[in-house]
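Each residue of the sequence shown is one higher than the last, beginning at 221 in the working numbering.
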Amino acid sequence: MGQVFDKLEGKEWRERQIKKITDQVFDKVKNQARTDNLSFEDLYIAVLLVYNDINKYIPGPHFDPPSKDRVREVLQSCDINLDGEIDCGEFYGFIRQMTADTFTYVSQKLIVTLVVAPTVAVATKRATEGVPGVGKVVKRLPNSVYASLVTIAAIWFQKMGQESVAL
């Protein structure tokens, strides 16, 4: 439950997640390349690793990594010292720019699922109580249990939608 509250913190949670992922990936790629800065090839490998971690640890659908052309564009805008390579300080800004759309999408889905679904459930509970067969059960359920069930159903439908798109 604590993880859910962390995710609801918003920007702070997002920044911590990005920083954690970027530090790990930069160190890993830097050690393999045996250099302090990342060239374009090393940088693209790092982007692939970051998107792999995003898909593993951040809730939501699978996110495809950006194209090499997009990486080149962002590299030019984030390369502050204009040496054609990215150092550790520049890497964090680079990844923030590369993943901005991804985290916006995840945040919006999380808000809809965890805030809107329970609110709608509680607001429509009285209407559901009039449905034959189901109404008696709904009437006996406390609002919190009913809202939780509707939220779980909303998450399930989102997941089923993501799986059908993937097929």
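Glycine included, C-beta positions come from ideal geometry on N, C-alpha and C.
All of these numbers come straight from a predicted model, not from anything done at the bench.
With 16 other CB atoms within 10 Å as the buried threshold, where does residue i fall?
i, result
"L295", "buried"
"L302", "exposed"
"I315", "buried"
"P352", "exposed"
"F377", "exposed"
"V367", "Checking the displayed sequence, the identity of residue 367 turns out to be Ala instead of Val. By the neighbour-count rule (16 or more Cβ atoms within 10 Å), A367 is buried."
"V357", "exposed"
"I306", "buried"
Hey, how far is the Cα of residue i from the Cα of residue j?
i, j, result
"Y312", "D243", "8 Å"
"G304", "W233", "31 Å"
"F225", "M318", "Low local confidence applies: a pLDDT of 48 at F225 is under 50, so the model's placement there is unreliable, with the coordinate-based value given in what follows. Spanning the two alpha carbons is a distance of roughly 25 Å."
"I265", "A374", "36 Å"
"I257", "R290", "In the sequence as presented, Ile is not what sits at residue 257; that position holds Asn. Between N257 and R290, the C-alpha separation is close to 19 Å."
"N363", "T344", "11 Å"
"R236", "D284", "22 Å"
With a threshold of 7 Å on Cβ separation, who are the neighbours of residue i within its own chain once the five nearest residues in sequence on each side are excluded?
i, result
"A253", "D262"
"K276", "none"
"K239", "Y312"
Report all residues from its chain with a CB closer than 8 Å to the CB of residue i; omit the five preceding and five following residues, and keep chain order.
i, result
"I241", "V270, D273, I274, Y277 and I315"
"V370", "A337, P338, V340 and A341"
Determine which residues share a DSSP beta bridge with residue i and list them.
i, result
"E258", "The sequence given here has Leu at residue 258, not Glu. Answer is I306, bridged to L258."
Report the residue ranges of all alpha helix (DSSP H) runs contained in full by the stretch 289–326; include only those spanning at least 4 residues, in chain order. 308–318
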